[in-house]
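The structure appears below as structure tokens.
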Amino acid sequence: MSVTDARPFRPTQSTFFQQSASEGEKYKRPDCNGNLKLKFQVDRGYDPIKAEPAIQQLRNAVADCKLIDTSEEYLVKWLIVQDFDVDRAERMLRQSLEWRRVSGADDILDSYAPSDVLRQYFSMGHIGNDRFGCPVFVCGLGRMDIKGLLSSLTKKDFYNYLTWMFETFSKTIQEVNNKRTGYRTTRQTLVFDLDQFSMMNLTTKPAGAVMNGGGAIVAMIKYYLSNYPDSFRRIFVINAPSIFPWVFGFIKPLLAQSDVPKIKIFNSNKKEWTSALLEEIDDEQLPTYYGGNMTDPDGDPKCPRKLNMGGQVPHSFYLRKNPPIAKDYMETLNISAGVGGKKKLKFEVVVPHSAIRWEFMTDGGDIGFRVLNKNAEEIVPLNRVDSHIIMEEGQVTCNEPGQYVFQFDNTYSYLRKKKVHYHIVVDLPDNSQ
């Protein structure tokens, strides 16, 4: 019996927007060319004829923006989660585009690689595709040592990884689409296994960690829903403990109303959740451990080549074991706490396209940091960085000459003073004489 009520699963014969005029072929199996012939087609959840005017209004409203996707399928996602309120959908989309600019999401798959601790102990893997042609990802959340992971990551690492993971979801969806013709999916199916789930992992905040476990999970959900709307076809939560309805009470307000019916939650009754998984995922696309017949080449039923199951993070990964050390060439700033706890450093850039490089660390805790151009516009947005745990390094290209300002901000700390050890240099472009 499921822990919370969910709308019964009823396969429909309706396709997505571009195929709305007709039912099309009822697909069954992959053909020799890799075209996934689907057993069922995805319920689009809206009337495409009525949606068309709203899509066009939204397209016109964001005509000044550079979108990552200009298709109707992409635009309608923002409308669905905002109940087809064009103004709200536009505002949400613009905020997400700004987030993409600041986070570097467009290039994250090329510019970032997960650290060893994330690759080995963050449980998430693409195991196959469901009967609707959507990629299936499994997360062994219950077995993840969230406390250990947070002790091994800076805030920057954590958010970079989330961005990388969600962009990987999008890339996988695109790869699935590229392997077939006709039907085009825009969603994925997610399975969260809460076996061995512990409230201690959610409420304990390790010394110097990014946040507590509950905060990390909420941040992950907010990040996903704010920037990848209407991106899951189904979420299965299996092996949910008795406290999960209480936990879900905190998560549910974050969800769009259109997303809530897509979530199915089950307790530890394996027969029940296995039956639900196999109703929507073929057995050859599901590890034996979860009720299918897929194994690794060596027969492992958990398929660790596709999915790592988390586990305890060794203390050797903890950042507190190796705090940063100030270098001889660094200068020092003493920054008071509370009101007045700001210091600015100004650098003059003469040659266009010069780069300003920085490295700094702090004694006494984290510090707010941002970079502004000559027009007082943020080119590196204000963010609290964990420079007391790991050396903060970065650079920015200055396309225009002028004065650039580095600002260190400790106004949020009422009692603790900070000492900043820094080294900042201006590098001329390679083609300058």
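In my numbering, the protein residues as written are 174 to 606.
Ideal Cβ positions, reconstructed from N, Cα and C, are used throughout, including at glycine.
From a predicted model like this one, the values you see are computed outputs, not experimental measurements.
Residue i to residue j, Cα distance in whole Å?
{"i": "R407", "j": "L363", "result": "6 Å"}
{"i": "K239", "j": "R274", "result": "11 Å"}
{"i": "F409", "j": "D366", "result": "8 Å"}
{"i": "K500", "j": "G514", "result": "24 Å"}
{"i": "V235", "j": "E263", "result": "7 Å"}
{"i": "F417", "j": "P426", "result": "15 Å"}
{"i": "D582", "j": "L506", "result": "12 Å"}
{"i": "P470", "j": "R316", "result": "23 Å"}
{"i": "F542", "j": "Y577", "result": "13 Å"}
{"i": "R589", "j": "R557", "result": "15 Å"}
{"i": "G472", "j": "G537", "result": "51 Å"}
{"i": "T341", "j": "G465", "result": "24 Å"}
{"i": "L252", "j": "V512", "result": "42 Å"}
{"i": "V553", "j": "L545", "result": "7 Å"}
{"i": "I540", "j": "L480", "result": "36 Å"}
{"i": "N333", "j": "E445", "result": "36 Å"}
{"i": "A510", "j": "I319", "result": "31 Å"}
{"i": "E453", "j": "K443", "result": "16 Å"}
{"i": "L138", "j": "Q580", "result": "Absent from the structure is residue 138, since the part of the chain shown begins at 174 and ends at 606."}
{"i": "Q485", "j": "G321", "result": "7 Å"}
{"i": "H488", "j": "K344", "result": "33 Å"}
{"i": "R292", "j": "P308", "result": "20 Å"}
{"i": "E521", "j": "D237", "result": "32 Å"}
{"i": "A413", "j": "V349", "result": "30 Å"}
{"i": "V391", "j": "K352", "result": "34 Å"}
Of the choices the options, whose alpha-carbon is the least far from that of residue i?
{"i": "L428", "options": "Q255, D242, E245", "result": "Q255"}
{"i": "P574", "options": "K547, T461, M393", "result": "K547"}
{"i": "F331", "options": "S288, E348, K590", "result": "S288"}
{"i": "D432", "options": "V311, I416, W446, S399", "result": "S399"}
{"i": "I635", "options": "L555, V420, N556", "result": "This structure leaves residue 635 out entirely; the chain is present only between 174 and 606."}
{"i": "C476", "options": "S284, V311, W272", "result": "V311"}
{"i": "A224", "options": "D237, L248, D242, I241", "result": "L248"}
{"i": "M297", "options": "G387, I241, M482, I498", "result": "M482"}
{"i": "G313", "options": "P221, D279, Q369", "result": "Q369"}
{"i": "T584", "options": "A549, I498, K516, N440", "result": "K516"}
Applying the 10 Å Cβ sphere with the 16-neighbour rule, what's the burial state of residue i?
{"i": "Y294", "result": "buried"}
{"i": "Q268", "result": "exposed"}
{"i": "A286", "result": "exposed"}
{"i": "I346", "result": "buried"}
{"i": "N206", "result": "Reliability fails at N206, whose pLDDT of 34 lies under 50, so the model's placement of it is uncertain and no value is given."}
{"i": "W531", "result": "buried"}
{"i": "M372", "result": "exposed"}
{"i": "S448", "result": "exposed"}
{"i": "Q361", "result": "buried"}
{"i": "A194", "result": "Residue placement at A194 is poorly supported in this model, since its pLDDT is 29, which falls under 50; the coordinates still yield a value, given next. Burial call: exposed."}
{"i": "D403", "result": "buried"}
{"i": "S586", "result": "buried"}
{"i": "F423", "result": "exposed"}
{"i": "L555", "result": "exposed"}
{"i": "P496", "result": "exposed"}
{"i": "N302", "result": "buried"}
{"i": "A227", "result": "buried"}
Between which residues of its own chain and residue i is the CB-CB distance below 8 Å, once the five residues before and five after are set aside?
{"i": "Y502", "result": "H596"}
{"i": "A528", "result": "Q568, V569, T570, C571, V599, D600, P602"}
{"i": "Q430", "result": "D256"}
{"i": "T327", "result": "V383, L492, V558, D559, I562, I563"}
{"i": "E504", "result": "H594, Y595, H596"}
{"i": "L451", "result": "L459, G464, G465"}
{"i": "L231", "result": "L248, W251, L252, V259, A262, E263, L266"}
{"i": "W272", "result": "A278, S399, N400"}
Taking 6 Å as the limit between beta carbons, can you name the residues of its chain near residue i, skipping five residues before and five after?
{"i": "Y401", "result": "F339"}
{"i": "E198", "result": "Because E198 sits at a pLDDT of 32, beneath the cut-off of 50, its placement in the model cannot be relied upon, and the following sentence gives the value as read from the coordinates. Excluding sequence neighbours, E198 sits near nothing in its chain."}
{"i": "T535", "result": "S560, H561, K591, V593"}
{"i": "E566", "result": "E532"}
{"i": "R468", "result": "The amino acid occupying residue 468 in the given sequence is Thr; Arg does not appear at that position. Once the five neighbours on either side are set aside, the close Cβ partners of T468 are T461, P474."}
{"i": "A359", "result": "Residue 359 is actually Thr in this sequence, not Ala. So the list reads E246, once near-sequence residues are dropped."}
{"i": "R478", "result": "D469"}
{"i": "D456", "result": "G465, N466"}
In the DSSP output, which residue or residues are listed as bridge partners for residue i?
{"i": "W531", "result": "G567, I597"}
{"i": "Q580", "result": "K517, R543"}
{"i": "R407", "result": "T362"}
{"i": "V558", "result": "I540"}
{"i": "T447", "result": "Beta-bridge pairing links T447 to no other residue."}
{"i": "G484", "result": "M317"}
{"i": "G166", "result": "Residue 166 lies beyond the residue range present for the chain, which begins at 174 and ends at 606; the question has no answer from this structure."}
{"i": "L506", "result": "V593"}
{"i": "K437", "result": "F409"}
{"i": "G575", "result": "V522"}
So, for residue i: in the same chain, excluding its five sequence neighbours on each side, which residues have a beta-carbon less than 7 Å away from its beta-carbon?
{"i": "G277", "result": "S284"}
{"i": "L335", "result": "M393, Y396"}
{"i": "K435", "result": "F405, R406, R407, I408"}
{"i": "S415", "result": "none"}
{"i": "W337", "result": "I281, L282, Y285, P287"}
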